[in-house]
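Engineer: Chains as they are written, first to last, in our numbering: chain A, 1123 to 1362; chain B, 1123 to 1362.
Number of protein chains: 2
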Amino acid sequence: MVVKSELKLIKSLQQKKYRNEHGLFVIEGKKAVEELLCSSFKVFKIYVTKDVLPIKNIKNQEVLLPKEMNQISSLKNPNGVVGVFYIPNAAPVDFSDWVLALDDVQDPGNLGTIIRLCDWFGIPSLVCSKNTVDCYNPKVLQATMGSIARVTISYLNLDIFLSEVSVPVYGSFMEGNSVYSEELPKTGVLIMGNEGKGISNKIKKLCDYKITIPRHGKSKTESLNVATATGILMNELRRE
Amino acid sequence: MVVKSELKLIKSLQQKKYRNEHGLFVIEGKKAVEELLCSSFKVFKIYVTKDVLPIKNIKNQEVLLPKEMNQISSLKNPNGVVGVFYIPNAAPVDFSDWVLALDDVQDPGNLGTIIRLCDWFGIPSLVCSKNTVDCYNPKVLQATMGSIARVTISYLNLDIFLSEVSVPVYGSFMEGNSVYSEELPKTGVLIMGNEGKGISNKIKKLCDYKITIPRHGKSKTESLNVATATGILMNELRRE
Chain A
1123 MVVKSELKLI KSLQQKKYRN EHGLFVIEGK KAVEELLCSS FKVFKIYVTK DVLPIKNIKN
1183 QEVLLPKEMN QISSLKNPNG VVGVFYIPNA APVDFSDWVL ALDDVQDPGN LGTIIRLCDW
1243 FGIPSLVCSK NTVDCYNPKV LQATMGSIAR VTISYLNLDI FLSEVSVPVY GSFMEGNSVY
1303 SEELPKTGVL IMGNEGKGIS NKIKKLCDYK ITIPRHGKSK TESLNVATAT GILMNELRRE
Chain B
1123 MVVKSELKLI KSLQQKKYRN EHGLFVIEGK KAVEELLCSS FKVFKIYVTK DVLPIKNIKN
1183 QEVLLPKEMN QISSLKNPNG VVGVFYIPNA APVDFSDWVL ALDDVQDPGN LGTIIRLCDW
1243 FGIPSLVCSK NTVDCYNPKV LQATMGSIAR VTISYLNLDI FLSEVSVPVY GSFMEGNSVY
1303 SEELPKTGVL IMGNEGKGIS NKIKKLCDYK ITIPRHGKSK TESLNVATAT GILMNELRRE
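#1: Is the beta carbon of Arg1141 of chain A closer than 8 Å to that of Tyr1258 of chain A?
#2: Would a check of beta-carbon distances place Gly1244 of chain B closer than 8 Å to chain A?
#3: Listing by chain order, which chain B residues have their CB less than 7 Å from the CB of Ala1349 of chain A?
#4: Please report whether the beta-carbon of Thr1235 of chain A lies at a distance below 8 Å from any beta-carbon of chain B.
#5: Taking any Cβ of chain B, which residues in the stretch 1249 to 1273 of chain A have a Cβ under 9 Å from it, in chain order?
#6: Which one or two residues does DSSP pair with Leu1278 of chain B in a beta bridge?
#7: Give me whichever residues DSSP pairs with Ala1223 of chain A in a beta bridge.
#8: Look at Val1291 of chain A and Cys1329 of chain A and say whether their C-beta atoms are less than 8 Å apart.
#9: Take Arg1337 of chain A as the anchor and find which of B:Lys1332, B:Lys1164, B:Leu1359, B:Glu1305 has the nearest alpha-carbon.
#10: Here's the rule I'm using: 16 or more other beta-carbon atoms within 10 Å means buried, otherwise exposed. How should Leu1187 of chain A be labelled?
#11: Could you tell me if Val1125 of chain B is buried or exposed, where buried requires 16 or more neighbouring beta carbons within 10 angstroms of its beta carbon?
#12: Asn1357 of chain A touches chain B at which residues, Cβ-Cβ below 7 Å?
#13: Could you name the residues of chain A that Tyr1169 of chain B contacts, counting a contact when the two beta carbons are closer than 9 Å?
#14: Just the Cα atoms here: how many angstroms apart are Val1273 of chain B and Ile1335 of chain B?
#15: Which residue marks the beginning of the beta strand (DSSP E) containing Met1296 of chain B, and which one marks its end?
#16: The beta strand (DSSP E) that contains Gln1137 of chain B, what's its start and end?
#17: Give a yes or no on contact between the stretch 1315 to 1322 of chain A and the stretch 1192 to 1205 of chain A, applying the rule of three or more CB pairs nearer than 8 Å.
#18: Please classify Ser1247 of chain A as buried or exposed, where buried requires at least 16 neighbouring CB atoms within 10 angstroms.
#19: For Ile1180 of chain B, which residues in the same chain have their Cβ closer than 6 Å to its Cβ, ignoring the five residues on either side in sequence?
#20: Any idea which residues DSSP pairs Gly1320 of chain B with across the strands?
#21: Nearest to Lys1152 of chain B by CA position, among B:Gly1268, B:Val1311, B:Glu1317, B:Thr1309, is which residue?
#22: Comparing alpha-carbon positions, which option in A:Val1262, A:Leu1239, A:Cys1240 lies nearest Pro1230 of chain A?
#23: Taking Cβ-Cβ distances below 7 Å as the criterion, which residues of the stretch 1281 to 1309 of chain A are in contact with chain B?
#24: Looking at the unbroken beta strand (DSSP E) that takes in Leu1146 of chain A, where does it start and where does it end?
#25: What residues of chain A sit near Arg1361 of chain B, judged by a beta carbon separation below 8 Å?
#26: Leu1239 of chain A touches chain B at which residues, Cβ-Cβ below 8 Å?
#27: Could you check if Ala1223 of chain A is buried or exposed, using at least 16 other CB atoms within 10 Å of its CB as the buried criterion?
#28: Do Glu1317 of chain A and Asn1232 of chain A have their CB atoms nearer than 8 Å?
#29: Would you check if the distance between the CB atom of Thr1350 of chain A and the CB atom of Thr1235 of chain B is smaller than 8 Å?
#30: Any idea what DSSP makes of Gln1264 of chain B, helix, strand or coil?
#31: If you follow the alpha helix (DSSP H) that Glu1184 of chain B is part of, which residue opens it and which one closes it?
#32: Where does Val1155 of chain B sit, in a helix, a strand or coil, going by DSSP?
#33: Please decide whether His1378 of chain A counts as near chain B, where near means a Cβ-Cβ distance under 8 Å.
#34: For the beta strand (DSSP E) containing Asn1205 of chain B, name the first residue and the last one.
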């Protein structure tokens, strides 16, 4: 049984303010919870329903009735596993490989897809501006499909961060040079901008190179979705 | 004023059954409606609220009160322009360029993003299996951002279509050859599969080449999102 205070705590973690206050976040789904349990994330408590096999080797585990699961889940159709984990401390950015930086990406689905892309392409560090959507937002976590376990994410003051880095800084712009004709180095920072406004002027000034994905045909499409563009550019970074 | 029968008709077009029955679909937003008006799509009627400037050179246009707009719009926050257009007749597939084919893509957001990608990369023809989500679904249209005006979409029996084509057929598989090492021709068909199941066995047998986007690092990510993977592969087709 979930006591009232616990229910209130878990529900409050839907909001960034309370996640930061308690240093905790919620992730749902057996696979995602198991991936976090195998990572460096520290578990606070796991809740499961009887129909889901209990997750092995975990002490802080509570079996709930479906009715109780409905109360703590943020999903319309709860999938039987809710994990509460500690938000990890900030880790250093790994400059031995490409670093991805986001300038105010707002959509949770986009950030989730981008985290999944970092995982696929083996980009170890993701740096987010302070106004980028919170990576512990339930909708972001849902879209990461467990990839958050394998990507180090930092929320930093992006202009201070960029003015201090010693690797080349690449920004994705509509009016940049074709990425096909750039000789991309082995390490650097790649910046992707906000969905509507792109990279802000303040950050633009800190870019050493402006690159773009060439448009083909007589298209009037204004721009590619930021997550799709990130995928294409990461692929370019990783091409042999 | 919208008469009751008209209101009923427009609302019914949220459902595929009624779209096919009436041969009509609804698209919302000034930009998307204007793009369709500049294309070969034929307009049935446009509805606007007074705060939105009426769209020029259109006779079948009706100014509505905000209350009425709320009734016909499928959006929580209607944006003041609703267009009703005729579903065009099936057009022939253009084999003079790459053709994209989808095997049962289910998510409206994914199909919308893929249509936008066809537009960006200048892929003229998109072929969808009969079980792919309907491209006139309001959520698909919302995600296309008007790109549907510039891509020819056909719903066909995919196995019959593929068994009759004379260009090489490429399928995207987890276990395919690295796309980086393939010499891609100037024309062909690229097939992308369902979100959960990938390309079905029936269609797999009709693929001449199986390609994949290489995974980097020690990632456990199961797969890339189908729209992101489509973007990366289209970029590969268009690379000089």
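All C-beta atoms, glycine included, are put in the ideal place defined by N, C-alpha and C.
Structural biologist: Result, derived from the coordinates:
#1: Result yes, Cβ atoms of Tyr1258 of chain A and Arg1141 of chain A sit closer than 8 Å.
#2: Interface residue, yes.
#3: Per Cβ cutoff of 7 Å: Thr1350.
#4: Interface residue, yes.
#5: Those would be Ala1265, Met1267, Gly1268, Ser1269, Ala1271, Arg1272, in chain order.
#6: B:Ser1251, per the DSSP bridge assignment.
#7: In the DSSP output, where bridge partners are listed per residue, Ala1223 of chain A has A:Val1249, A:Ile1313.
#8: Result yes, Cβ atoms of Val1291 of chain A and Cys1329 of chain A sit closer than 8 Å.
#9: Answer by Cα proximity: B:Leu1359.
#10: Taking every protein chain shown into account, the CB of Leu1187 of chain A has fewer than 16 other CB atoms within 10 angstroms, so this residue is exposed.
#11: Within a 10 Å sphere around the beta-carbon of Val1125 of chain B sit fewer than 16 other beta-carbons, which makes this residue exposed.
#12: Ile1335, Ile1354, Asn1357, listed in chain order.
#13: At a beta-carbon threshold of 9 Å, none of the residues of chain A lie near Tyr1169 of chain B; the nearest stands roughly 24 Å away.
#14: One C-alpha to the other measures close to 25 Å.
#15: Here the beta strand (DSSP E) through Met1296 of chain B covers 1291 to 1300.
#16: From DSSP, Gln1137 of chain B is part of no beta strand (DSSP E); its letter is neither H nor E.
#17: The count of Cβ pairs closer than 8 Å, one atom from the stretch 1315 to 1322 of chain A and one from the stretch 1192 to 1205 of chain A, stays below three, leaving the stretches out of contact.
#18: If you draw a 10 Å sphere on the C-beta of Ser1247 of chain A, you find 16 or more other C-beta atoms in it, and that means buried.
#19: Around Ile1180 of chain B: Ile1168.
#20: Gly1320 of chain B pairs with B:Asn1316.
#21: Nearest to Lys1152 of chain B by alpha-carbon distance, out of B:Gly1268, B:Val1311, B:Glu1317, B:Thr1309, is B:Gly1268.
#22: Checking every option, the nearest Cα to that of Pro1230 of chain A belongs to A:Val1262.
#23: So the list reads Tyr1302, given in the order they occur along the chain.
#24: For Leu1146 of chain A, the enclosing beta strand (DSSP E) starts and ends at 1146 to 1150.
#25: Going along chain A in sequence order, the residues near Arg1361 of chain B (Cβ under 8 Å) are Tyr1302.
#26: Those are Leu1346, Thr1350, listed as they occur along chain B.
#27: The residue in question, Ala1223 of chain A, is buried, as its Cβ has 16 or more Cβ neighbours within 10 Å.
#28: A contact, by the Cβ cut-off of 8 Å.
#29: A contact, by the Cβ cut-off of 8 Å.
#30: Correct three-state label for Gln1264 of chain B: helix.
#31: It is not in any alpha helix (DSSP H) - Glu1184 of chain B instead sits in the beta strand (DSSP E) that spans 1183 to 1186.
#32: Helix at Val1155 of chain B.
#33: A query on residue 1378 of chain A cannot be resolved here, the shown segment of chain A reaching from 1123 to 1362 and no further.
#34: Here the sequence assigns Gly to residue 1205 of chain B, which means Asn is not the residue at that position. Here the beta strand (DSSP E) through Gly1205 of chain B covers 1203 to 1208.
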